[in-house]
Amino acid sequence: MYSEVALLQNYLVVGALLFGIGMIGFLSRRNMIVMFLAAEMMLQGVSLSLVAWSRFHNDFGGQMLVIFIIAVAACEAAIVLALVLMLFRRTGNLDVAVWGELREDNQLPFEEPQLPEPPTEPSEPWPTLTTAGVEPKLKPEQTDYRPNV
Amino acid sequence: MFEIKTLLILIPAMPLIATLLTATLGKKVLREQSHWPTVAAIGLSCLMSLILVLQVSGESEPVDPDKIGYEETVTLWSWAAVEDAYDYDSPVGDAVYQGDFRIEIVLRADPLTATMLAMVTFVSLLVAIYSIGYMHDDPGYWRFFTYIPLFVFSMTMLVSVSNFVLLYVFWEAVGMCSYLLIGFWFQKPEAAAAGKKAFLVNRIGDFGFALGLFLLWTTYGTLDFHDTIVDGQVQSLGIFGQTMLSTPGAYTTGTVGTAICLLLLLGACGKSAQFPLHVWLPDAMEGPTPVSALIHAATMVTAGVYMVARCTPLFQASTDAQHVVAVVGGFTALLAALIALTQTDLKRILAYSTISQLGYMFLGLGAATALGITAGMFHLFTHAFFKALLFLGAGSVMHAMGGVIDVRQFGGLRRLMPTTHWTFLFGSLALAGVLPFAGFWSKDMVLAAVHDQAAVHPLYHWLYLAGLFTAFLTAFYTFRAFFLTFYGEERIPKAAGHHAHESPRSMTVPLMILAAGALLVGVLFGPTGGFEGFLAKTPSLAYLSAIAHETAGHATGEGSHLGVAIISTVIALAGIGLAVVLYLGSPALRDRLTRVMDAVGLYRLSHGKFFFDEIYNVLVVVPIRAVAWLCYWIDRTLVDGLVNAVGLFPMLVGAGLRPLQNGMVQFYAMAMVLGLLVLIGVLLM
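Going line by line, the protein sequences match chains A and B.
Going left to right, the first sequence walks through residues 217 to 365 as the numbering used here numbers them.
Going left to right, the second sequence walks through residues 862 to 1546 as the numbering used here numbers them.
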């Protein structure tokens, strides 16, 4: 026998985790596709807790709602991916920070924080070998197609 | 067909149609033919006005013994009506009337109205015909012929309405037409300024007039002239209705009565350019000359005289007000005549002469006897003819001289412009008051009326002397202008160019008709008693003879009238003689006299128009400017500052919040998450 309450709690914890991970992903990632995935994850976290509550209350309203959410999410995915594709075609870049034009006039555009270059020590001169012998000739078909690469 | 009621409606309707027609079609369709609607409409109105005079004089004969005077009213429609608006104690009897507040568009016909209508439309017709020649080639031709019938409409309505409110409305309407026509050449700064001045000075008078109407309303509870009769029952009393006129003591005397009269007089002073408010009329000469002739000499400026004559019963109730009217009139007549002596602008001389002659009219009205009021109205009637003639003659000279109107720059024009010369001579003789001409009869009547009153109050004796002296001055300055223009060495200014010839027939024919009028109207209507007898049937004036029966009448000696006539003729001839000596005789004598006058300061005083413009500038214009500047400053700094401060608040908030809108999606998402957390936190607490 298992406890209904414990079951609910487990599911709610998983739902909350999904939601939280999704939220953190959405906030921290700049790749538009990843952001979309993170958003989907939040959605699924909420859906999961809805299903859990539905089960707990023995009311199928929640599950029905989840079916709706899945349907809507599917449509949303189609639209979002189309949008992302369009945006990508404009700039060749999936970085969301490129699209900052709706800021106020006097606000500076987002700039990639530049990490300071690590101090490069002058590389030690490695010993080199003088070329010796003849460079092996490759067959013409090997330059076009290399099965081991 | 020619019923009085129909005529009354048609007379103002014709110019109204003409003005609408010219206003809509003038610019594009009629162009150079814009005068036709005006001339046709005013011609018809003039014809109908003459028929109206005949009808009224036929209808008012024999005199109905039960009624005071003759009047006929026609109601067009009701403008405003509030039933049982107030209770008021009737000044007649004990009845308390449930008063309805009504303003109905009512026109009236009585001898006073008929006379004014005939005079106004006749002079307007001649001026309109004259303007065809005078205004030709003006770019605003159609505009001119839109304003003129609009003015004629307003003026005919002004004299034929039977209600103080409507009188006020059309009083303002003629003022507006005057403003539009003074500023007709509005590109010229002087003309625009003159129009503004006329309008503003008239505002002062009109303010007094409006206060007078309020006082009339609170005193008598009505603003109608006539009794409103429904099914044979008197529904409400009119101020000059039969009931009020036939009841002794119906008119309020004492302070209220005097206040009403003085406020109405203030309005009349504004419109008729009497002493404190006379300064606008000389400047109004910036308008086209036909306008000066029509509006600022013959018709509109006499509206004040008409109004005071119409309000005779009110003025009868206050002797003080009568004295004020007489003093204002006499003083203005003398003052304006003194100024006219030294002016060099032909139109300005005539303008001051108009002010002076209007002063005579008020002097006659101020005598407040039946003779005096008739004399004032008669002088108005004859003055319209000869002053319009003089102005049109001056316009003819101006037309020929290429717009130059300074009498020092031209001279000896009598050979060049023979018709203008002899018509101007007729006008001058009439203005000077030489025996057979119109001005003699009316001016003599005014002086005789004042002379009669000298026995009643010593004030009138002085006014009589002032009137005689003014007559002398009038004869002198009129002939000074006449001689300077038409006699002496022939001089033509360069500006004249090829214009220096007699004016076209459309201008000379009206001059000749008016010259005939200046010769004949006096002798036809004056000594025959025709004008006096006709006008005496006006209810307001018939009231005088009604009360005269009760107060045993006043002694009038024909002998004294003859004496006045002889004295005034001698004086007029003396004035002309002086002008002949000075301006046809030796210039040396003239120069010596000028120097003597200049030495005692009189010449400068007269030439500077007694410095009224300067005095008013210091007393009125400068303080008002200062107040206006203060208001401007308060508006700019305090009011605008407050509004700007209120406007600054959202701007500052916006500036503070602007960095939030930085265009970074993650930042927005973070803001949403934080907001959500805050919301949850609040809900949990």
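All C-beta atoms, glycine included, are put in the ideal place defined by N, C-alpha and C.
Hey, residue i and residue j are a contact pair by Cβ (cut 8 Å); roughly how many whole angstroms apart?
i, j, result
"A:Leu-303", "A:Trp-315", "7 Å"
"B:Leu-1405", "B:Ala-1231", "4 Å"
"B:Leu-1155", "B:Ala-1249", "7 Å"
"B:Tyr-1348", "B:Leu-1445", "6 Å"
"B:Ala-1170", "B:Leu-973", "7 Å"
"B:Ser-1217", "B:Ala-1194", "5 Å"
Please report the straight-line C-alpha distance between residue i and residue j, rounded to a whole angstrom.
i, j, result
"B:Ala-1291", "B:Phe-1247", "6 Å"
"B:Met-1037", "B:His-896", "21 Å"
"A:Gln-358", "A:Leu-345", "27 Å"
"B:Met-909", "B:Leu-986", "12 Å"
"B:Leu-921", "B:Gly-1099", "Checking the sequence shown, residue 921 of chain B turns out to be Ser, not Leu. If you take the alpha carbons of B:Ser-921 and B:Gly-1099, they lie about 20 Å apart."
"A:Gln-331", "A:Leu-301", "A small fix is needed here, since residue 331 of chain A is Leu in this sequence, not Gln. Taking the straight line joining both Cα atoms gives about 30 Å."
"B:Asn-1024", "B:Thr-1160", "20 Å"
"B:Asp-945", "B:Tyr-1081", "16 Å"
"B:Leu-1072", "B:Leu-1027", "15 Å"
"B:Asp-1305", "B:Leu-1372", "25 Å"
"B:Leu-937", "B:Ala-874", "12 Å"
"B:Leu-869", "B:Leu-882", "21 Å"
"B:Val-1117", "B:Met-996", "49 Å"
"B:Gly-1227", "B:Ala-1332", "18 Å"
"A:Ala-313", "A:Pro-325", "9 Å"
"B:Val-967", "B:Cys-907", "21 Å"
"A:Gly-278", "B:Gly-1502", "60 Å"
"B:Gly-1390", "B:Thr-1399", "15 Å"
"B:Arg-1209", "B:Glu-893", "30 Å"
"B:Thr-1113", "B:Gln-1096", "21 Å"
"B:Ala-1212", "B:Ser-1179", "31 Å"
Looking at C-alpha atoms only, which residue of the options is the closest neighbour of residue i?
i, options, result
"B:Ser-1133", "B:Phe-1330, B:Glu-920, B:Gly-1148, B:Thr-1163", "B:Thr-1163"
"B:Thr-1369", "B:Leu-1027, B:Met-1278, B:Ile-1100", "B:Met-1278"
"B:Phe-1005", "B:Ser-992, B:Ser-1015, B:Thr-1017", "B:Ser-992"
"B:Phe-983", "B:Ile-1065, B:Gly-1001, B:Val-900, B:Arg-969", "B:Val-900"
"B:Ser-1107", "B:Ala-1403, B:Val-1461, B:Leu-1545, B:Tyr-1477", "B:Ala-1403"
"B:Leu-1019", "B:Gly-904, B:Leu-1503, B:Gly-1288, B:Gly-1165", "B:Gly-1165"
"B:Cys-917", "B:Asp-1496, B:Gly-1438, B:Ala-975, B:Leu-1334", "The sequence given here has Val at residue 917 of chain B, not Cys. Looking at the Cα atoms, B:Ala-975 is the closest of the given residues."
"B:Tyr-1008", "B:Val-1526, B:Pro-1354, B:Ala-879", "B:Ala-879"
"B:Thr-1284", "B:Gly-1115, B:Ala-1377, B:Ala-1198, B:Gly-1387", "B:Ala-1377"
"B:Val-1140", "B:Val-1295, B:Gly-1066, B:Ser-1364", "B:Gly-1066"
"A:Leu-233", "A:Asn-322, A:Leu-243, A:Gln-260, A:Tyr-218", "A:Gln-260"
"B:Pro-1388", "B:Gly-1128, B:Leu-1326, B:Ile-1437, B:Thr-1235", "B:Thr-1235"
"B:Ile-990", "B:Gly-1001, B:Val-1152, B:Leu-1076, B:Leu-871", "B:Val-1152"
"B:Ser-1364", "B:Leu-1334, B:Thr-934, B:Leu-1253, B:Ala-1407", "B:Leu-1253"
"B:Met-1238", "B:Gly-1294, B:Leu-1345, B:Phe-1395, B:Tyr-1213", "B:Phe-1395"
"B:Ala-1407", "B:Gly-930, B:His-1318, B:His-1282, B:Pro-1000", "B:Gly-930"
"B:Asp-1459", "B:Thr-1203, B:Met-1512, B:Phe-1047", "B:Thr-1203"
"B:Arg-1276", "B:Pro-1010, B:Ile-903, B:Thr-1346, B:Glu-1475", "B:Thr-1346"
Provide the residue span of the beta strand (DSSP E) that contains residue i, from first to last.
i, result
"A:Gln-358", "That residue, A:Gln-358, is in no beta strand (DSSP E); its alpha helix (DSSP H) goes 356-360."
"B:Thr-1089", "1089-1091"
From which residue to which residue does the alpha helix (DSSP H) around residue i run?
i, result
"B:Val-1483", "1483-1494"
"B:Gln-1103", "1103-1107"
"B:Val-992", "Before going further, note that residue 992 of chain B is Ser rather than Val in the sequence given. Where B:Ser-992 is concerned, the enclosing alpha helix (DSSP H) stretches over 972-995."
"B:Val-1311", "1299-1314"
"B:Ser-1097", "Looking at the DSSP string, B:Ser-1097 is not in any alpha helix (DSSP H); the run it does join, the beta strand (DSSP E), is 1094-1097."
"B:Ile-878", "865-886"
"B:Glu-1475", "1473-1477"
"B:Lys-1470", "No alpha helix (DSSP H) contains B:Lys-1470, which DSSP labels as neither H nor E."
"B:Gln-1218", "1207-1228"
"B:Asn-1505", "1501-1518"
"B:Asp-1067", "1050-1081"
"B:Pro-1279", "1279-1293"
"B:Ala-1197", "1180-1201"
"B:Lys-1132", "1115-1132"
"B:Lys-1248", "1231-1261"
"B:Tyr-1112", "Here B:Tyr-1112 belongs to no alpha helix (DSSP H), and DSSP marks it neither H nor E."
"B:Phe-1006", "1002-1021"
"B:Ile-903", "896-920"
At a cut-off of 6 Å, is residue i close to the ligand NAD when judged by its beta-carbon and the heavy atoms of the ligand?
i, result
"A:Pro-334", "As far as ligands go, the structure on display features none, and thus does not contain the ligand NAD."
Problem - Continuous alpha helix (DSSP H) assignments of at least 4 residues falling wholly in the region 1141-1173 of chain B - result: 1141-1144, 1150-1154, 1164-1171
Exercise for the section: Mind listing, in chain order, the continuous alpha helix (DSSP H) runs of no fewer than 4 residues lying wholly within the region 222-282 of chain A? Expected result: 248-273
Exercise for the section: Would you list, in sequence order, the uninterrupted alpha helix (DSSP H) runs of no fewer than 4 residues that lie entirely inside the region 1394-1464 of chain B? Expected result: 1400-1411, 1419-1440, 1448-1460
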